[in-house]
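Under this note's numbering, residue 653 is the last one in the sequence shown; the count climbs by one each step, no gaps.
Glycine included, C-beta positions come from ideal geometry on N, C-alpha and C.
The next block holds one structure in the form of structure tokens; read it before the comments.
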Amino acid sequence: MKKEINQEQEFLFGKKNYIIMLIGIVFITLGFIFMSGGGSDDPNVFNEEIYNWQRIRLAPTLVIIGLGIEIYAILVDPKK
Numbered sequence: 574m575k576k577e578i579n580q581e582q583e584f585l586f587g588k589k590n591y592i593i594m595l596i597g598i599v600f601i602t603l604g605f606i607f608m609s610g611g612g613s614d615d616p617n618v619f620n621e622e623i624y625n626w627q628r629i630r631l632a633p634t635l636v637i638i639g640l641g642i643e644i645y646a647i648l649v650d651p652k653k
């Protein structure tokens, strides 16, 4: 005789994990948006805007914070 075992599919992560992952993705996306731009239309003219604090300090910090949030979202226990 064959026993039919009806196993219900479970997600790997819980709702809490996915919410935290979404927050991390928002941080990473904002970091890359802040990094964009600052170029010059004319290649013979140098634009100093490429070295402002937003592109040098803020954007990489947001990306690193976002990656840290993603790692935390993966490691947090969804059952708590």
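Whole-angstrom distance between residue j and residue i, CA atom to CA atom
i, j, result
"ASP650", "PHE586", "8 Å"
"TYR591", "PRO616", "44 Å"
"GLU581", "LYS653", "21 Å"
"VAL618", "ILE596", "39 Å"
"PRO633", "TYR624", "13 Å"
"ARG628", "ILE647", "28 Å"
"GLY611", "TRP626", "12 Å"
Residue i - containing alpha helix (DSSP H), residue span
i, result
"ASN579", "Where ASN579 is concerned, there is no enclosing alpha helix (DSSP H), given that its DSSP letter is neither H nor E."
"GLY641", "632-648"
"LEU585", "Counting along the chain, LEU585 falls outside any alpha helix (DSSP H), and DSSP gives it neither H nor E."
Beta-carbon proximity of residue i to residue j, cut-off 8 Å
i, j, result
"ASN620", "SER609", "no"
"PHE600", "ILE642", "yes"
Top-ranked residue by Cα proximity to residue i, from the options
i, options, result
"ILE637", "LYS588, THR602, GLY611 and GLU581", "THR602"
"TYR645", "THR634, LYS589 and ILE606", "LYS589"
"PHE607", "ILE596, ARG630, ILE593 and GLY597", "ARG630"
"ILE598", "GLN580, LEU635, GLU581 and ILE578", "LEU635"
"LEU640", "PHE584, TRP626 and ILE593", "ILE593"
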